[in-house]
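Notes follow once the structure below has been shown.
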Amino acid sequence: MIDPQDYKQVLGAFPTGVTVVTALDDDGRLVGFTASAFSAVSMDPALVLVCPSLNSDSYPIIKRSGRFVIHILSHEQQAIAYHFAGKGHDKGQGVQWQRSELQNAVLEGAVAYLECRVWEDYPGGDHAILVGEVEKLWCAGHELDPLLYCRGKMDQLPETLRALAHAS
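All residue numbers for the sequence shown refer to the working numbering, where the first residue is 1 and numbers rise by one.
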């Protein structure tokens with residue numbers, strides 16, 4: 001048996017970006033969750049995956065609606081990451097967002113986002129493995145730096161990486 005604390009410590013040593021996944025419930029209210037478990041799956045078709053907790057308030061809504069948006073957060077959106085990491089049904093309060101042309105909930109200020117429809121939904125222990133087909137995407141380019149997560153802390157890119165990224 002793997003000790004859960006050891007497992008968290010080992011996985012926490014792998015630096016990742018921070019995403020917020022959003023959707024709209026049946027009444028048009030914003031729901032969502034913070035996720036670092038996000039990855040590209042396929043180029044053709046364009047598929048990505050994110051892994052929501054089975055206990056997430058948002059997961060059943062995403063399953064029902066069949067749509068979601070993955071936002072790659074900017075380093076200035078740490079408060080948004082913590083806001084969506086919590087439980088509760090009123091995640092839209094105080095958050096700047098708008099409906100996209102595809103009628104998805106898009107957060108303002110993200111580095112990039114991917115609007116997806118559910119391609120497949122697999123079991124993954126206490127999480128789901130939610131594969132989305134990308135229908136539309138957007139990126140701010142080098143205007144914004146992403147928010148990073150490592151060892152339980154969030155921060156921006158180190159200066160050396162920021163200089164390299166902005167030079168290209």
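Ideal placement from N, C-alpha and C gives every residue a C-beta, glycine not left out. Note that the coordinates shown come from a computational prediction; the quantities given were computed from them, not determined experimentally.
From the DSSP output, in three-state form, read off residue 11 for me.
DSSP places residue 11 in helix when its eight states are reduced to three.
Hey, how far is the Cα of residue 63 from the Cα of residue 55?
When the Cα atoms are used, residue 63 and residue 55 turn out to be separated by approximately 13 Å.
Three-state secondary structure (DSSP) at residue 159?
Here residue 159 sits in helix by DSSP.
Based on DSSP bridge pairs, tell me the residues matched to residue 116.
BP columns for residue 116 point to 68, 134.
C-alpha distance - residue 73 paired with residue 81, whole-angstrom precision:
The straight-line gap from Cα to Cα measures roughly 8 Å.
Proximity below 8 Å, CB of residue 23 to CB of residue 65:
Cβ distance < 8 Å, so residue 23 and residue 65 count as in contact.
Work out the CA separation of residue 1 and residue 140 for me, nearest whole Å.
The straight-line gap separating the alpha-carbon atoms of residue 140 and residue 1 is approximately 44 Å.
Tell me whether the beta-carbon of residue 114 lies closer than 8 Å to the beta-carbon of residue 69.
Yes, these two residues count as a Cβ contact at 8 Å.
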